[in-house]
Amino acid sequence: MPELPEVENVRNGLKQLITGKTITSVRVLWTNIIKDPSVTEFKQKIAGQKIEDIHRRGKFLLFILSDDVVISHLRMEGKYRLEGPGVPLSKHTHVIFELDTKEELRYLDVRKFGKMSLVEKEKLSSHPSLKDLGPEPTEESLETAHLVEAFKKTGRPVKACLLDQKIVAGIGNIYADEILYDAYVHPEKKGNELNSKEIKRLRDSIVSIMNKAVEMGGTTIRTYANAFGAQGSFQSHLRVYGKTGESCHRCHHTIQKIKVAQRGTHFCPECQKSGRG
DNA sequence: CAAGAGGCCTGTTAGC
DNA sequence: TGCTAACAGGCCTCTT
Numbered sequence: 001m002p003e004l005p006e007v008e009n010v011r012n013g014l015k016q017l018i019t020g021k022t023i024t025s026v027r028v029l030w031t032n033i034i035k036d037p038s039v040t041e042f043k044q045k046i047a048g049q050k051i052e053d054i055h056r057r058g059k060f061l062l063f064i065l066s067d068d069v070v071i072s073h074l075r076m077e078g079k080y081r082l083e084g085p086g087v088p089l090s091k092h093t094h095v096i097f098e099l100d101t102k103e104e105l106r107y108l109d110v111r112k113f114g115k116m117s118l119v120e121k122e123k124l125s126s127h128p129s130l131k132d133l134g135p136e137p138t139e140e141s142l143e144t145a146h147l148v149e150a151f152k153k154t155g156r157p158v159k160a161c162l163l164d165q166k167i168v169a170g171i172g173n174i175y176a177d178e179i180l181y182d183a184y185v186h187p188e189k190k191g192n193e194l195n196s197k198e199i200k201r202l203r204d205s206i207v208s209i210m211n212k213a214v215e216m217g218g219t220t221i222r223t224y225a226n227a228f229g230a231q232g233s234f235q236s237h238l239r240v241y242g243k244t245g246e247s248c249h250r251c252h253h254t255i256q257k258i259k260v261a262q263r264g265t266h267f268c269p270e271c272q273k274s275g276r277g
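Counting along the first sequence from 1, when you hit position 241 you're at 241 in our numbering, and nothing is skipped either side.
Below is the structure:
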């Protein structure tokens, strides 16, 4: 379930493996992966373009080509693999970028939830997938004042706010739970009920958890590895996600699982009572 | 406008 | 044991 740290790790691997190579043609085996433009146009425009760089924005991977940019979202299970010619296609391969090196960059996705778009460079920041994204969850980009502004006008649970990519880009279900635990905030507490101390703590927890997860190469759950050794180790630092029934590291009460905003949500009912002072 | 529900998918797991 | 149903999850679209 790639969130920002996993996507960043994939980006690093891809950057080393395919920068400078040219895409000679594209094969699309499951057309729903291609969001826009049409599959025909997607294939035609990409053919012949060189991969100049790989960037990331939130959970989106950005393949910077000669003229255009491929915006790729891995959703839950999307993966890229670089394979030599003639290597049999695995079951869940849906898009294949053939390279001038005779290698193939293959997109695999068990659940077929991932999406790709192609957009001209000049129109990148106005693309619907990117234009409303909030700031990156970093020391430089994420200001407490921005969160204060976003939280004070909503009655949604804070967990839903953290998952809202318009407020902060890149946080998914795993890190949202970890951030709330780190900040001693109850996931169901409403945005407009948070005091300034809580928001400050949340901001600091967002930055520190995401930063640490990136440093550790992300979180690997379900033992899914990929072709680039992009297997993370943050799973050993998880405190609440997937820990239902285990005892809290801080107070030894039992970690509970509930539904918040239709998502499985793990928290410690003792240290996340509602936010303490 | 905001916020919630449904849909997209299939491998895994819980329950009968 | 063998089967089915529920679940997981990010984001878009539709409905309220």
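Using N, Cα and C, we set each Cβ at its ideal position, and we do this for glycine too.
Between the C-alpha atoms of residue 189 and residue 118 there is a straight-line separation of about 39 Å.
Cβ neighbours of residue 192 within its own chain (closer than 8 Å, five residues either side excluded): 151, 152, 153, 154, 155.
Counting the other CB atoms within 10 Å of its CB gives residue 213 a total of 16 or more, which places it among the buried residues. Cβ-Cβ separation between residue 54 and residue 61: approximately 7 Å, consistent with a contact (criterion under 8 Å).
When DSSP states are grouped into helix, strand and coil, residue 210 belongs to the helix group. Here residue 155 carries a coil assignment [DSSP, helix/strand/coil]. Residue environment analysis places residue 84 among the exposed positions, since fewer than 16 neighbouring C-beta atoms fall within 10 angstroms of its C-beta. The Cβ neighbour count for residue 9, taken over all protein chains shown within 10 Å, is at least 16; the residue is labelled buried. According to DSSP, residue pairing for residue 235 in a beta bridge does not occur. For residue 83, DSSP records a beta bridge to 104. Taking 8 Å as the cut-off, the Cβ atoms of residue 59 and residue 2 count as close. Bounds of the alpha helix (DSSP H) holding residue 11 are 4–18. Looking from the CA of residue 22, the closest CA among 102, 112, 187, 215 belongs to 102. Contact between the segment 79–93 and the segment 118–128 is absent: fewer than three C-beta pairs spanning the two stretches fall below 8 Å.
Sorting 204, 123, 183, 196 by C-alpha distance to the C-alpha of residue 69 places 123 at the top.
By the beta-carbon neighbour count (other beta carbons within 10 angstroms, threshold 16), residue 120 is exposed. Membership of residue 113 in any alpha helix (DSSP H) is not indicated, and neither H nor E is assigned to it by DSSP.
Under the criterion of beta carbons closer than 8 Å, residue 116 and residue 35 qualify as touching, at roughly 6 Å. Taken in chain order, the complete alpha helix (DSSP H) segments of 4 residues or longer contained in the segment 17–79 are 39–46. Residue pairing by DSSP places residue 260 opposite 263 in a beta bridge. Of all alpha-carbon atoms in 255, 250, 18, 207, the one lying nearest the alpha-carbon of residue 269 is that of 255. In the three-state DSSP reduction, residue 174 falls in the helix class (H, G or I). Distance from residue 97 to residue 26 at the Cβ level is roughly 6 Å; contact confirmed, criterion being Cβ atoms closer than 8 Å. In the structure shown, residue 99 adopts extended strand secondary structure according to DSSP, grouped into three states.
Judged by DSSP in its simplified three-state form, residue 247 adopts strand.
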